[in-house]
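Trainee: Just so it is clear: in the sequence shown, position 31 is 31 by the UniProt record's numbering, and no numbers are missing.
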Amino acid sequence: MYREIGFQKDNQAEYKSSQAIHMDCYRWVKRDSYLPVGSHNLKAAAKAKLGYDPVELDPEEMCRMATEEPQTLATYSVSDAVATYYLYMKYVHPFIFALCTIIPMDPDEVCEHL
């Protein structure tokens, strides 16, 4: 598979390629965001870093809402996607790629190991 498309399994059983990155905002939030302990979830990080308060739903109600209130569930899903996108574009992407200009590592490795 590596010779054909450039992906290979690493020691954590994840398939990775140096040509395609998979950035994890959560790793950055835990390590580099300087948020207090207990504030490392998406809602807290988005509120602290972006001033954006994503929609919050009770997890126990999600199955019921899927059939009875699909629009509310869709709003919640989009709200999370928007928070993740802007958190990544404003903080994670510039930070990791700035480090990649200094440290000769792939972006995934920079995000994981530093």
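No residue lacks a Cβ here, since even glycine has one placed at the ideal position from N, Cα and C.
Taking just the CA atoms, how far does leucine 42 sit from valine 82?
Mentor: 11 Å
Trainee: Are at least three pairs of beta-carbons, each pair with one atom in the stretch 29-38 and one in the stretch 57-66, less than 8 Å apart?
Mentor: Contact check between the stretch 29-38 and the stretch 57-66: fewer than three CB pairs, one atom from each, fall below 8 Å, which does not count as touching.
Trainee: Tell me whether alanine 20 sits in a helix, a strand or coil according to DSSP, three-state version.
Mentor: strand
Trainee: Verify whether the separation of the beta carbon atoms of threonine 75 and cysteine 25 is less than 8 Å.
Mentor: no
Trainee: Tell me whether tyrosine 52 sits in a helix, a strand or coil according to DSSP, three-state version.
Mentor: The answer is coil: DSSP assigns tyrosine 52 none of H, G, I, E or B.
Trainee: Got a sec: does the ligand FMN put a non-hydrogen atom nearer than 7 Å to the Cβ of alanine 81?
Mentor: The ligand FMN is absent from the structure shown, which contains no ligands of any kind.
Trainee: Closest to valine 78 by CA distance: which of Tyr34, Val55 and Leu50 is it?
Mentor: Val55
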